[in-house]
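Written below as structure tokens is the structure these notes are about.
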Amino acid sequence: MAHFTKATSIKDWLDQRLAVEKLEKVMASEYWIPKNINFLWAMGMVLVITFALLLVSGIFLLMYYQPNVDTAFYSVNYTIMREVDFGWLWRHIHGVAASVVFLIIYIHMFTGIYYGSYKKGREMIWVSGMLLFVAFSAEAFSGYMLPWGQMSYWAGMVITNLFSGGSLHADGLVEWIRGDYVPAQAFLTRFFMLHVLLVPLAIMGLIGLHFGALRIPHVNNQDGEEIDFDVEAKKYLAGDTKGSKVMRFANDFMSKDMMVVGVYLVLFFYLVFYNYGFAMDPVNFDPADGLKTPAHIYPEWYFLWSYEILRPFPKDPGLIAFGFLIDTILLEFAQITKSLISLSFAQSPPPITLPALHVANRV
Ligand code: HEM
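Taking the working numbering, the leading residue of the sequence shown gets 1071, the next gets one more, and so forth.
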């Protein structure tokens, strides 16, 4: 049993039981951040804030939403939008955040690619980030089903159809996923469960993993400089705060993060109050009708790239092309982008590792 003494303060009492002081050091006051990073490194914090906005607005929406094929559409478009005080505000926050979060994720990913933040010891940050991207995509898709409008229904039909037939002959798979022959009550109920419980839980776990993966290698920096964090931290703690190449996460770097978050929130709430239309598809303001196919079925802007990959191919090659691309982004896209950039500037470029190019070289 550990040795306990009479506590001198609440902090001391907690410290003896939960080591809060050590935790605070590891996560904040002695979590060392390189000085040579720019505002793009604040995107991680912007993502955390956007996720919090999604969570809070989602909880308020959940108080009135009804996961029932007969009432879902009206619970959103009538009850929440017209009857509940400020229901429209929570819906617009949720809708705008769902769209904007992908913009920030894409900026965050391309920052990581451009500065090579996935390399040498930072691979797990990249892999956990990619898993977060997949989880966010599942969260966005399942959420899109919930208003049970025309686009919800037909997007659900098109995407689940990817699992029908094909040369694998996975007969019955699509019915198993839908719980019916077409999207109906079972489909809505399970996507509701995914959206409000399973996927958010997975996202929270993955955010924990992502942060854990950052702690040992530390964040990269814009010059790609190899920093000895222990040496630089010692310098800082010895009083040479100017000469040291690092600074504390809290409150030093966090105050810079908060500056970027502040500017972001002004833009975010401008969109929520004056320009929310871009996050709402007009076709989804018609209730779902399985007998009336909309003239065009298309995804939100953030899925257009995947949609365009699947569209020109029949099902099998389309899925193979999609899998190939995801695999490439997951592990190798970063490498080729960096290689192409250095090809145009450097004498001897690093090897390009995209699988397709290996094949091309062999031919
Ligand atoms: C949506 C959830 C996400 C959250 C909340 C999140 C949060 C963070 C935070 C707070 C940081 C440290 C500060 C920064 O560099 O911005 C970070 C770094 C990083 N994240 Fe994410 N991230 C998310 C998604 C992703 C995705 C989708 C990827 C890419 C696949 C990714 C890849 C990285 C990389 C490579 C770093 C290290 C940056 C460096 O060392 O320079 N993250 N993330």
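Where a beta carbon is used, it is the ideal one built from N, C-alpha and C, also for glycine.
(message) For chain C, check one thing: does any of its Cβ atoms lie closer than 9 angstroms to the Cβ of Leu1124?
(response) Absent from the structure: chain C. Only one protein chain is present.
(request) Confirm the yes/no value for this check: CB of Tyr1101, any heavy atom of the ligand HEM, distance under 8 angstroms. (result) no
(request) Answer yes or no: the CB of Asn1290 versus the heavy atoms of the ligand HEM, is any distance below 8 angstroms? (result) yes
(message) Which residue marks the beginning of the beta strand (DSSP E) containing Val1353, and which one marks its end?
(response) That residue, Val1353, is in no beta strand (DSSP E); it is neither H nor E in DSSP.
(message) Helix, strand or coil for Val1316? Go by DSSP, reduced to three states.
(response) strand
(request) Buried or exposed for Ala1210, please, with buried defined as at least 16 other CB atoms from any protein chain shown within 10 angstroms of its CB. (result) buried
(request) Could you check the C-alpha separation between Tyr1144 and Tyr1214 for me, to the nearest Å? (result) 15 angstroms
(message) I need the straight-line Cα distance from Val1333 to Met1097, nearest angstrom please.
(response) 25 angstroms
(request) Consider the C-beta atom of Gly1275 and the heavy atoms of the ligand HEM; say whether any pair is separated by less than 8 angstroms. (result) no
(request) Tell me whether Ile1175 sits in a helix, a strand or coil according to DSSP, three-state version. (result) helix
(request) Report the option in Pro1352, Leu1125, Leu1374, Thr1311 whose CA atom is closest to the CA atom of Ala1365. (result) Pro1352
(request) With a 10 Å radius around its C-beta and 16 neighbouring C-beta atoms as the bar for buried, classify Tyr1223 as buried or exposed. (result) buried
(message) Could you pull the DSSP bridge partners for Ile1396 from this structure?
(response) Answer by DSSP bridge pairing: none, since Ile1396 is not bridged.
(message) I want to check one thing, is the minimum distance from the CB of Tyr1372 to the heavy atoms of the ligand HEM below 8 angstroms?
(response) no
(message) On the DSSP letters alone, give me the boundaries of the alpha helix (DSSP H) that Pro1104 sits inside.
(response) No alpha helix (DSSP H) contains Pro1104, which is instead part of the beta strand (DSSP E) from 1102 to 1104.
(request) Give the C-beta separation of Asp1250 and Phe1257 to the nearest angstrom, bearing in mind that I take them to be a contact with Cβ-Cβ under 8 angstroms. (result) 6 angstroms
(request) Entirely within the region 1283 to 1354 and at least 4 residues each: give me those alpha helix (DSSP H) ranges in chain order. (result) 1299 to 1307, 1324 to 1344
(request) Quick one: using the 10 Å Cβ neighbour count with 16 as the cut-off for buried, is Met1329 buried or exposed? (result) exposed
(message) What does the alpha-carbon distance come out to for the pair Met1151 and Trp1158?
(response) 5 angstroms
(request) Could you tell me the distance, in whole angstroms, from the CA atom of Gly1388 to the CA atom of Leu1232? (result) 10 angstroms
(message) Rounded to the nearest angstrom, what separates Tyr1185 and Leu1374 at their Cα positions?
(response) 26 angstroms
(request) Below 6 angstroms CB to CB, which residues in the same chain sit around Lys1076 once its five sequence neighbours on both sides are set aside? (result) none
(request) Going by DSSP, name the residue or residues bridged to Gly1114. (result) The partner list for Gly1114 (beta bridge, DSSP) is empty, contrary to what the question assumes.
(message) Check for me: the alpha helix (DSSP H) holding Asn1231 runs from which residue to which?
(response) 1220 to 1231
(request) May I have the straight-line CA-CA distance separating Leu1123 from His1239, to the nearest angstrom? (result) 42 angstroms
(request) Please name the residue, chosen from Asn1291, Arg1318, Lys1081, that lies closest to Ala1303 on a Cα-to-Cα basis. (result) Arg1318
(request) Please confirm whether any heavy atom of the ligand HEM lies closer than 8 angstroms to the CB of Ile1195. (result) yes
(message) Could you give the first and the last residue of the continuous alpha helix (DSSP H) run that contains Lys1189?
(response) Here Lys1189 belongs to no alpha helix (DSSP H), and DSSP marks it neither H nor E.
(message) Let me check you understand the geometry: is the CB of Arg1192 closer than 8 angstroms to at least one non-hydrogen atom of the ligand HEM?
(response) yes
(message) Taking 8 angstroms as the cut-off, does the region 1180 to 1199 touch the region 1270 to 1284 (at least 3 CB pairs, one atom from each stretch)?
(response) yes
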